[in-house]
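Be aware that the sequence shown starts at 1, since it is given in full-length UniProt numbering, and climbs by one per residue.
For glycine and all other residues, C-beta sits at the position ideal for the given N, C-alpha and C.
Take a look at the structure set out below.
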Amino acid sequence: MDRTTISSLTNAGIAPKDIRTYIRQNSNTIATQQDIYNRIADSKRELCEGQSTIHAFANQLDKEGFWNRMQLDSYDRVTAVLFAHPESLAYLKAYPDLLFLDCTYKTNKYGMPLLDIIGADACQRSFCIAFAFLSSENEEDYTWALGRLRSIYELCGATIPYFAGVGKSGNPPYLQDSDSQLRNINNSGSKVFTGSLPEEPLELFQIFVPLSLVQSWIEYTNDWVSYPMKNAVIDSWNSPISEHSRILQWDGLSTATAYAWIGITIYLGIHREISIKDHWKSPRLGYQRPLHPITKFMPLRKFELITRYFRTFDYTKLDVHDEGDLPKTFQAAEPWSDHIQKASAELFIPGTNLTIDECMVPFKGRSKETTVVKNKPTPVGFKVWVVAQQGFFLRWLWHVKASPYKAVIVELPTPKPHSKKGKLQTTVALSNTQSVVIHLCNLLPKLTYHVFTDNLFSSPNLFRALQEAGCGATGTARPTAASRLS
């Protein structure tokens, strides 16, 4: 009777110590703890019926009517399995509108992460749709799981929700667009937008940082790391590699990790500490400090490693010899800069009143393109010429110090004749800095604007040029310019 009881309790998922307590309370057995462990092992072998554990698991799923799919590698080893109870599918068919995904860890002796796929009914009660054991948390495994999830929705005749939720464990944002069944994705992997603002902040963020762009950064970064490692150096200054070099810890960069790194970088800019490593310090007795949530997404050393080698450009294609091209620093940022400006133009239709001014992007590293502007909140960094409205940057141009034009590498506007009653015909000649105003206005849709400037740009000639272009202008003036304005 004890053998049968132990087998029944084992199959019910009762822990060995609880089985021993139950047997001692309900029988006169003299079985030891080891006897119970032996019987549990025998029960598991009987349940497998001579098959391997994974084959027995698959047969059990089929026997009990579970919908299930498995992924095999080139050696026919199971690398992932997803299964759903038939009653869960019936529930999903009735309530397909909400979808949540979360991942737990150390759920089995193989260390395979368990992906929970959850739904919610009309009473806001959650129910399990399916479970997936994955070999790791990389993009390929999540893509496979989402592909099987799509099959479940098709089986139930349901439509995948427009939004997909991710849990607190930090599952990557590409869960929303790693598979083509999620809507609002084009063939290149970028979000499709038609001028209207998305309803979710994550969707708005992914318009400016699309999946296709991040994947190109990953390729550039991995290629760049491979280059110094092949040459036994750690950087472009040919510093020799050693057995303690951090670059040896590089294990590749995935989409999830790249998005996590971008998110942490943005977070560090918003939540300031004395040093970057302070964000990873935990409060302790007698030493209170904020507990930053980024610590559970990425260790400090990995963040520092990615920060050192992350590349948004192809290092093999930077042209530093063409004097007519942008400097290397701005070439590296130009593709993303162009994409952001294009997305901004799609989402924001400017009104009449615009402002044009210089802005500073803070940077204290080594670069020939940094500019020092005293009396600015950010005195050191890269200077950018910006046209904006209500705090939203519409277009911008890099300030290039080495350019033949001090403002920016653009062709100066052709002077146009200007006539005034009682005076001879003259021309409107603009300085290099003033020409930026005209060029930025030309980058906007062909409408009538009223441009506001400060005394860096204001001049009668600029205002005449704007008037000829069909734009109004208002600006402040320096005291020394009073004689020219009168």
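C-alpha gap between residue i and residue j, whole angstroms
{"i": "Gly391", "j": "Asp357", "result": "12 Å"}
{"i": "Asp338", "j": "Trp224", "result": "23 Å"}
{"i": "Leu211", "j": "Pro335", "result": "14 Å"}
{"i": "Leu466", "j": "Gly472", "result": "6 Å"}
{"i": "His271", "j": "Asp278", "result": "11 Å"}
{"i": "Asn432", "j": "Leu456", "result": "11 Å"}
{"i": "Glu200", "j": "Ala256", "result": "19 Å"}
{"i": "Tyr315", "j": "Tyr227", "result": "10 Å"}
{"i": "Glu137", "j": "Phe83", "result": "18 Å"}
{"i": "Leu204", "j": "Leu197", "result": "7 Å"}
{"i": "Ala12", "j": "Leu115", "result": "23 Å"}
{"i": "Ile294", "j": "Tyr267", "result": "8 Å"}
{"i": "Pro479", "j": "His399", "result": "26 Å"}
{"i": "Gly381", "j": "Lys374", "result": "11 Å"}
{"i": "Arg125", "j": "Met112", "result": "28 Å"}
{"i": "Pro379", "j": "Arg366", "result": "15 Å"}
{"i": "Val386", "j": "Glu273", "result": "29 Å"}
{"i": "Phe127", "j": "Met229", "result": "49 Å"}
{"i": "Ser242", "j": "Gly269", "result": "33 Å"}
{"i": "Ser216", "j": "Arg150", "result": "27 Å"}
Supposed close pair residue i, residue j - CB separation, criterion 8 Å
{"i": "Leu397", "j": "Val384", "result": "7 Å"}
{"i": "Ala58", "j": "Ala132", "result": "That pair is no contact at about 14 Å."}
{"i": "Gly470", "j": "Thr448", "result": "6 Å"}
{"i": "Ile207", "j": "Leu253", "result": "Incorrect: roughly 22 Å between the Cβ atoms, too far for contact."}
{"i": "Leu440", "j": "Leu462", "result": "Not really, about 12 Å apart at Cβ, beyond 8 Å."}
{"i": "Thr312", "j": "Ala333", "result": "7 Å"}
{"i": "Pro350", "j": "Gln389", "result": "5 Å"}
{"i": "Leu155", "j": "Leu213", "result": "At roughly 34 Å, the Cβ-Cβ gap does not stay under 8 Å, so Leu155 and Leu213 are not in contact."}
{"i": "Ile36", "j": "Arg20", "result": "5 Å"}
Span of the beta strand (DSSP E), counted from its first residue to its last, around residue i
{"i": "residue 488", "result": "The structure shown does not extend to residue 488, since the chain is modelled only from 1 to 486, so the question has no answer here."}
{"i": "Glu358", "result": "353-362"}
{"i": "Thr389", "result": "Residue identity check: residue 389 is Gln in the sequence provided, not Thr. Run containing Gln389: 380-389, per the beta strand (DSSP E) assignment."}
{"i": "Cys103", "result": "100-104"}
{"i": "Phe452", "result": "450-453"}
{"i": "Ala120", "result": "114-120"}
Delimiting residues of the alpha helix (DSSP H) encompassing residue i
{"i": "Glu334", "result": "328-347"}
{"i": "Leu397", "result": "Run containing Leu397: none in the alpha helix (DSSP H); it sits in the beta strand (DSSP E), 392-398."}
{"i": "Asp73", "result": "No alpha helix (DSSP H) contains Asp73, which DSSP labels as neither H nor E."}
{"i": "Ala258", "result": "255-270"}
{"i": "Ile152", "result": "139-155"}
{"i": "Thr159", "result": "Neither: Thr159 is in no alpha helix (DSSP H) and is coded neither H nor E."}
{"i": "Thr474", "result": "Element bounds for Thr474: not the alpha helix (DSSP H) but the beta strand (DSSP E), 472-475."}
{"i": "Lys302", "result": "300-309"}
{"i": "His55", "result": "53-63"}
{"i": "His439", "result": "432-442"}
{"i": "Gln215", "result": "211-230"}
{"i": "Asp235", "result": "Note, Asp235: premise wrong, no alpha helix (DSSP H); not H, not E."}
{"i": "Arg20", "result": "16-26"}
{"i": "Glu203", "result": "201-208"}
{"i": "Ser242", "result": "Counting along the chain, Ser242 falls outside any alpha helix (DSSP H), and DSSP gives it neither H nor E."}
{"i": "Gly246", "result": "It is Arg, not Gly, that sits at residue 246 in the sequence shown. Arg246 -> no alpha helix (DSSP H), and no H or E assigned at all."}
{"i": "Asn459", "result": "One point to set straight first is that residue 459 is Ser, not Asn, in the sequence displayed. No alpha helix (DSSP H) holds Ser459; DSSP gives it neither H nor E."}
{"i": "Ser88", "result": "86-94"}
Contacts around residue i, its chain only, beta-carbon distance under 7 Å, and the 5 residues preceding and following it disregarded
{"i": "Phe348", "result": "Phe392, Leu394"}
{"i": "Tyr22", "result": "Leu9"}
{"i": "Leu98", "result": "Gly119, Ala120, Pro161"}
{"i": "Glu376", "result": "Rather than Glu, the amino acid found at residue 376 in this sequence is Lys. Met360."}
{"i": "Lys17", "result": "none"}
{"i": "residue 487", "result": "Residue 487 lies beyond the range of the chain shown here (1 to 486); nothing can be said about it."}
{"i": "Val209", "result": "Ile262"}
{"i": "Ser459", "result": "Gln434"}
Beta-carbon proximity list for residue i, same chain, < 6 Å, skipping 5 on both sides
{"i": "Trp250", "result": "Val225"}
{"i": "Pro327", "result": "Glu369"}
{"i": "Phe452", "result": "Thr355, Thr474"}
{"i": "Pro96", "result": "Ala158"}
{"i": "Thr104", "result": "Leu114"}
{"i": "Gln341", "result": "Arg395"}
{"i": "Phe330", "result": "Trp398"}
Cβ neighbours of residue i in the same chain (closer than 8 Å, five flanking residues each side left out)
{"i": "Pro239", "result": "Contrary to the premise, residue 239 reads as Ser rather than Pro in this sequence. These residues qualify, in order along the chain: Val233."}
{"i": "Leu291", "result": "Ser282, Pro283"}
{"i": "Thr265", "result": "Thr307"}
{"i": "Ser43", "result": "Ile6, Ser7, Thr10, Asn11"}
{"i": "Ser245", "result": "Ile234"}
{"i": "Lys401", "result": "Lys368, Glu369, Thr371"}
Neighbour flag for residue i against chain D, beta carbons, 8 Å
{"i": "Leu440", "result": "Within the model displayed, chain D is absent; a lone protein chain is all it includes."}
Proximity test, residue i beta-carbon vs the ligand SAM heavy atom, cut-off 7 Å
{"i": "Ala94", "result": "Judged by which ligands are present, the structure shown has none, so any question about the ligand SAM falls away."}
field: Inter-stretch contact at 8 Å, needing at least 3 Cβ pairs: the stretch 261-271 / the stretch 293-307
entry: Yes, they touch.
query: Is the number of C-beta pairs between the stretch 289-298 and the stretch 359-379 that are closer than 8 Å three or more?
result: The stretch 359-379 and the stretch 289-298 do not touch, with fewer than three beta-carbon pairs separated by less than 8 Å.
query: If you pair each beta-carbon of the stretch 119-130 with each one of the stretch 70-77, do three or more pairs fall below 8 Å?
result: The stretch 119-130 vs the stretch 70-77: no contact.
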